[in-house]
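See below for the structure under consideration.
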Amino acid sequence: MSRSVVSFHYTLRNHQGELLDSSIGGEPIQYLEGVGQIIDGLEEALTGLPVGTKRVIMVAAEKAYGKRDPELVRRVARSKLPVEKINIGDMFQTDGDRHSSIVTVAAIEGDEVLLDGNHPLADQDLIFDVEVLNIRAAREDEIGHGHVHAHGEHHHHEGHGHHHGHEHGHKHDGEGCCGGGHDHGHKAEGEGCCGGGHEHGHDHKAEGEGCCGGGHEHGQGGCGCGGKH
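Residue 118 is where the sequence shown starts when you use our numbering, and the numbers rise one by one after that.
Set out below in structure tokens:
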């Protein structure tokens, strides 16, 4: 099956017009068509656009990071987290049998912490200002591995990067804030918290049973393109 690799720049805003992220001034985003490296609504809108196209694309929450799931919010003992100093907004990577996910500290209540496994952009309609820079045929190894390879790279990297091309702690892998799994992670050991696919890469682990246990996948990008639930 033939697939294309698309390269584009983007600026991301929420429905209120607040700037959330941009690849301008950095590396453009690259994605392999049809493998879920960027959110569905954005890929659908980019499909078929010729090189040089500039367009404002509005993506409804349902085709971005979905609606918030209250079951992904869990209360855990503070002692389960890998660091002593915890702040609201901190992110931790959790390990499960099948998935790895990112949870955010939503509240701190004495000896307990409220962890939210929803993507930070869940429930939000997103506005992308994009410019299509390049389209090329994907190589066989890229199709086989399911992601874009950097120039001269022919081996498979597990957990291919923030899948946004700069490292915000959301994984990019040469694709700004639109890629697959994030990479923040303080890690939580034991059962997975939410079963997502983020990695935000500090790599601290929390002990014991996980918090949320679902099988939901962020993929993406902490910015606004990457992956799907």
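Every residue, glycine too, gets a C-beta built ideally from N, C-alpha and C.
Restricting to Cα atoms, I'd like to know which of ILE174, ALA239 and LEU232 is closest to HIS194. According to the sequence displayed, residue 194 carries Ala and not His. If we check each option's Cα against that of ALA194, LEU232 comes out closest.
For THR221: DSSP bridge partner residues: Per DSSP, MET208 and ASP233.
Identify whether HIS126 lies in helix, strand or coil by the three-state DSSP scheme. Judged by DSSP in its simplified three-state form, HIS126 adopts strand.
Spatial neighbours of MET175 in its chain, beta-carbon cut-off 6 Å, leaving aside the 5 residues before and after: Result list for MET175: ILE244, in chain order.
So which of VAL222, LYS202 and ILE146 has the shortest CA-CA distance to GLN210? Among VAL222, LYS202 and ILE146, the Cα nearest to that of GLN210 belongs to VAL222.
Any C-beta of chain B sitting closer than 8 Å to the C-beta of ASP242? Structure shown: chain B not included; a single protein chain is present.
Jot down the residue ranges of each uninterrupted alpha helix (DSSP H) in the stretch 150-210, minimum 4 residues, whole runs only, in chain order. Entirely contained in the stretch 150-210, the alpha helix (DSSP H) runs reaching 4 residues are, in chain order, 157-163.
Among LEU250, PRO187, VAL173 and ALA162, which one has its Cα closest to the Cα of ALA239? Nearest to ALA239 by alpha-carbon distance, out of LEU250, PRO187, VAL173 and ALA162, is PRO187.
Reduced DSSP secondary structure (H/G/I, E/B, other) of GLU259: Helix at GLU259.
Please report the residue range of the beta strand (DSSP E) in which ASP240 lies. Neither: ASP240 is in no beta strand (DSSP E) and is coded neither H nor E.
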